[in-house]
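Undergrad: Going down the list, the protein sequences come from chains A and B. Position in the first sequence counted from 1, then plus 2, gives you the working numbering. Position in the second sequence counted from 1, then plus 491, gives you the working numbering. Structure below; questions to follow.
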Amino acid sequence: MKLRSIPLIAHIVLACMVLSVFGGFIFPAGHAASEVMVVANDSVPVESLSRDAVQEIFLGRKTRWSDGQKIVLATLKEGDDHRDFLRMYVGKTPHQFQNYWKSQVFTGRGKAPDAFTSPDELAEFVANTPGAIGYLPQRAYQNQLKILMIE
Amino acid sequence: MKSAVKIAFLSALFAMCCISGNARAYEYQGIDIRGFISQGYLQSTDNNFFAETKDGTSQFNEAGINFSAEVSDRLRLGVQFLSRDLGTIGNNEVILDWAIADYHFRDWLGLTVGNMKFVHGLYNETRDLDMVRTFILMPQSVYIEAWREAISSIQGAGLYGDLGLSDMGSLSYDLQYGTVNLDSDKGAARLLEDQWPFKEMGLLVDVDRINVDYTYAGSIRWITNLEGLILGCSTWGYQFEADATTLLDTARVPGELRQALAAGDAAFAGLIGSLDDYGTRIILSPSEFGVEAVSYTASMEFMWRNLVFAAEYMRTTYNIEFRNSPLFTTLEPVLSQSGVAVQDGTIKVDRFSSAGYYTSLAYRFTPWFELGTYYSVYYANEDDKDGKKRVAKGLDAQEHRGWLKDIALTTRFDVNENWIIKLEAHKMDGTAILLGADNPVPEDPAEDRYEEDWYLFAAKVTFHF
Chain A
3 MKLRSIPLIA HIVLACMVLS VFGGFIFPAG HAASEVMVVA NDSVPVESLS RDAVQEIFLG
63 RKTRWSDGQK IVLATLKEGD DHRDFLRMYV GKTPHQFQNY WKSQVFTGRG KAPDAFTSPD
123 ELAEFVANTP GAIGYLPQRA YQNQLKILMI E
Chain B
492 MKSAVKIAFL SALFAMCCIS GNARAYEYQG IDIRGFISQG YLQSTDNNFF AETKDGTSQF
552 NEAGINFSAE VSDRLRLGVQ FLSRDLGTIG NNEVILDWAI ADYHFRDWLG LTVGNMKFVH
612 GLYNETRDLD MVRTFILMPQ SVYIEAWREA ISSIQGAGLY GDLGLSDMGS LSYDLQYGTV
672 NLDSDKGAAR LLEDQWPFKE MGLLVDVDRI NVDYTYAGSI RWITNLEGLI LGCSTWGYQF
732 EADATTLLDT ARVPGELRQA LAAGDAAFAG LIGSLDDYGT RIILSPSEFG VEAVSYTASM
792 EFMWRNLVFA AEYMRTTYNI EFRNSPLFTT LEPVLSQSGV AVQDGTIKVD RFSSAGYYTS
852 LAYRFTPWFE LGTYYSVYYA NEDDKDGKKR VAKGLDAQEH RGWLKDIALT TRFDVNENWI
912 IKLEAHKMDG TAILLGADNP VPEDPAEDRY EEDWYLFAAK VTFHF
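Here it is, written out as structure tokens:
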């Protein structure tokens, strides 16, 4: 091999891998699933959705309600509730979901959903935005929101 | 003018980076603004990979900024400017990557007009976006670097949509038709020059202009009801003409060709122009290329929790012809001895297909660390996998120009929402996709031009908002 620095580079890569693999065990991601409910604005003309429909909506493949009203997405930015919702209804991890929407945005295919830091902010947005749909932990539920049953 | 555009582009990008300060897009009066900057470093042993990588190069970067707005419920406008560099490709010229008007009639029907991203395989549309994938370099069997600009975006119109299949999942489709602006100083031109079959005879070409007649692309993805499984197939086609300067490298002309040129002196008298800058190359009558390429790709992606598995197979069939009536007519006796038929001053290359596949696996161990690997195999001609025929025909001097087998290992670190660092190593067997322009003939005739077994290392840092 002609390159003197190869062993050095290979060692750096190996060291990073080992460190990070151990990191994976040191910082496990497991936790008890929280109770997340799917909520919508009062104007939304449905009372229930299938799990597949929830997935299609949050991946931007279904963009209109049955009455032609535009679907407006609201998501949490991070946290256990966000992760649990994505795992249960969208089939993606937060990282995969974020990458999916970055791909859509940077290729001109769509606009990323509004993301909120707290469930209260999200609840307020959904309550005041016609066509909006989002998800919340049960503790953050507000009366003016419509709870959608997931079949 | 170009430098003014570059300065304006970089200034806007820098300003947005400073203003946004976090991973969210910057929004100004309903216009979303997003961007990214990637800077990489490539180091290889033995062969140059699209740049002077044997010496180590930082001529490996991408930067982009996009603006998009929803004008109405159904109409969306957007534009993205991109600058990239990989050795002699790109040179950080700012280009219009995509600019679209998109009207969404129904979920199953949308219309896009303008300059839109080209659909091919699972990841072609996002290949400029380092932050959405694990790997630095895409598997070269399906995402060949030299073809990158040719299948980056398409000017024309496209239809797309999503169809629900009830219990069977859903189907996404894209149909695109239009044309592509191909520069004569980028990868496709270099690839074309490498396809010229008379290099070993001292006859060379330098592509001056490429005129694309038409391009089309289509893609179907079936999002199955098995969670995380996507199956897809895609196709694209090209027809273009290219004009090239033909050069005779007097230092490399074999004896029989030299004799033929001498014998054809009278016919050649009017062809020989002037010595070029190097003093050893004579400019001959211009050559023309006619190229038709049709490609098919089958794809599969499976996501299960933090694991992503992908596999793709691609086959591209080429019809290529070379036209240079005065030259080929003069050289006909020599060419016919090598089994090359000249008809009306045109040489038609036997239709051939390149083929390749890869399988990749990526696992995210923690929110900040991901490990990925892939195995990629590419054959320049699927009927000549061991490269023996291309050597026998004089297309190349080394058999391993017929394949490239690549084992890659990548580590990705998400430092925070905005910053990503990646390190990647490749163990290569073969030299199929490497360009002659990057790997010149060694001065010492005893030295091989390419080495069969070699390594490539890549590092990249990306900032995005």
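Cβ atoms here follow ideal geometry from the backbone N, Cα and C, with glycine treated the same way.
Where does H84 of chain A sit, in a helix, a strand or coil, going by DSSP?
TA: H84 of chain A falls in the helix class under three-state DSSP.
Undergrad: Thinking just about the alpha-carbon of each residue, which of B:G660, B:Q571 and B:W713 is nearest to the one in A560 of chain B?
TA: The shortest Cα separation from A560 of chain B among B:G660, B:Q571 and B:W713 belongs to B:Q571.
Undergrad: So E58 of chain A contacts chain B; which residues on that side make the cut at Cβ distance below 7 Å?
TA: Those are S661, listed as they occur along chain B.
Undergrad: Count the C-beta pairs between the stretch 601-614 of chain B and the stretch 723-735 of chain B that are closer than 8 Å, then say yes if the count reaches three, no if not.
TA: The stretch 601-614 of chain B is in contact with the stretch 723-735 of chain B.
Undergrad: Measure how close the beta-carbons of A455 of chain B and L568 of chain B come, nearest whole angstrom, since I'm counting them as under 8 Å.
TA: This structure cannot settle anything about residue 455 of chain B, because the visible part of chain B is limited to 492 through 956.
Undergrad: Residues of chain A with a CB under 7 Å from the CB of N797 of chain B: which are they?
TA: Within 7 Å Cβ-Cβ: T95.
Undergrad: Checking contacts by CB at 8 Å: is M622 of chain B closer than that to chain A?
TA: True, the Cβ-Cβ gap to chain A drops below 8 Å.
Undergrad: If we count Cβ pairs, one from each stretch, closer than 8 Å, do we get three or more for the stretch 663-680 of chain B versus the stretch 939-947 of chain B?
TA: The stretch 663-680 of chain B is not in contact with the stretch 939-947 of chain B.
Undergrad: In the structure shown, what three-state DSSP assignment does F99 of chain A receive?
TA: Here F99 of chain A sits in helix by DSSP.
Undergrad: Below 8 Å on the Cβ atoms is my contact criterion, and I expect F118 of chain A with L150 of chain A to pass it. Report the Cβ-Cβ distance as a whole number of Å.
TA: About 18 Å separates the two Cβ atoms, so there is no contact after all.
Undergrad: Going by DSSP, name the residue or residues bridged to H595 of chain B.
TA: Paired residue(s): B:G601.
Undergrad: With a threshold of 8 Å between beta carbons, is M794 of chain B in contact with chain A?
TA: By this cut-off, M794 of chain B is an interface position.
Undergrad: For I898 of chain B, count neighbouring Cβ atoms within 10 angstroms of its own Cβ and tell me buried if that reaches 16, exposed if not.
TA: Exposed, because fewer than 16 other Cβ atoms sit within 10 Å of the Cβ of I898 of chain B.
Undergrad: Quick check on this structure: which residue in B:D887, B:I522 and B:R624 has the alpha carbon closest to the alpha carbon of I924 of chain B?
TA: Checked all of B:D887, B:I522 and B:R624; the closest Cα to I924 of chain B is B:D887.
Undergrad: What ranges does the alpha helix (DSSP H) occupy inside the stretch 660-709 of chain B, keeping only unbroken runs of at least 4 residues that lie completely in it?
TA: Taking only runs of at least 4 residues, the alpha helix (DSSP H) segments lying wholly in the stretch 660-709 of chain B are 678-686.
Undergrad: I need the straight-line Cα distance from G136 of chain A to V41 of chain A, nearest angstrom please.
TA: Computed Cα separation, rounded: 5 Å.
Undergrad: Mind listing which residues of the stretch 609-639 of chain B have their C-beta closer than 7 Å to chain A's C-betas, in chain order?
TA: Listed by position along the chain: E616, T617, L620, M622 and V623.
Undergrad: Which residues, in order along the stretch 563-574 of chain B, keep a beta-carbon less than 9 Å from a beta-carbon of chain A?
TA: So the list reads D564, R565, R567, G569, V570 and Q571, given in the order they occur along the chain.
Undergrad: What does V74 of chain A reach in chain B if we use C-beta pairs closer than 8 Å?
TA: Residues of chain B passing the Cβ test: none, with the nearest at roughly 10 Å.
Undergrad: Beta-carbon within less than 6 Å of R681 of chain B's beta-carbon, same chain only, minus the 5 sequence neighbours each way: which residues are those?
TA: Here the set comprises L926 and A928.
Undergrad: Is K951 of chain B helix, strand or coil by DSSP?
TA: K951 of chain B: strand per DSSP, three-state reduction.
Undergrad: For V621 of chain B, does the count of other Cβ atoms within 10 angstroms reach 16, so buried, or fall short, so exposed?
TA: Before going further, note that residue 621 of chain B is Asp rather than Val in the sequence given. D621 of chain B comes out buried.
Undergrad: In chain A, what lies closer than 9 Å to G719 of chain B by C-beta?
TA: Going along chain A in sequence order, the residues near G719 of chain B (Cβ under 9 Å) are G93 and K94.
Undergrad: If we require 3 or more residues per run, which beta strand (DSSP E) segments fall completely within the stretch 821-893 of chain B?
TA: The qualifying runs are 837-839, 843-857 and 860-870.
Undergrad: Do L926 of chain B and the ligand SAM come close, with the Cβ less than 7 Å from some heavy atom?
TA: Annotation note on the ligand SAM: not contained in the displayed structure, which lists no ligands.
Undergrad: The beta strand (DSSP E) spanning I149 of chain A covers which residue range?
TA: Here the beta strand (DSSP E) through I149 of chain A covers K148 to I152.
Undergrad: Taking Cβ-Cβ distances below 9 Å as the criterion, which residues of the stretch 856-870 of chain B are in contact with chain A?
TA: From the stretch 856-870 of chain B, only F856, T857, P858, W859, F860, E861 and L862 have a Cβ closer than 9 Å to chain A.
Undergrad: Here's a check: name, in chain order, each residue in its chain whose Cβ is nearer than 6 Å to the Cβ of V799 of chain B, leaving out the five neighbours to either side.
TA: Correct list, in chain order: A853.
Undergrad: Can you find the residues in the same chain that come closer than 8 Å, C-beta to C-beta, to S535 of chain B, ignoring five residues on each side of it along the sequence?
TA: Counting only Cβ-Cβ distances below 8 Å, and skipping sequence neighbours, we find T544, K545, W945, Y946, L947 and F948.
Undergrad: Which chain A residues are close to H595 of chain B, counting only those with a beta carbon under 7 Å from its beta carbon?
TA: T65, listed in chain order.
Undergrad: Smallest Cα separation from P777 of chain B: which of B:L818, B:F689, B:W638 and B:V833?
TA: That would be B:L818, whose Cα lies nearest to the Cα of P777 of chain B.
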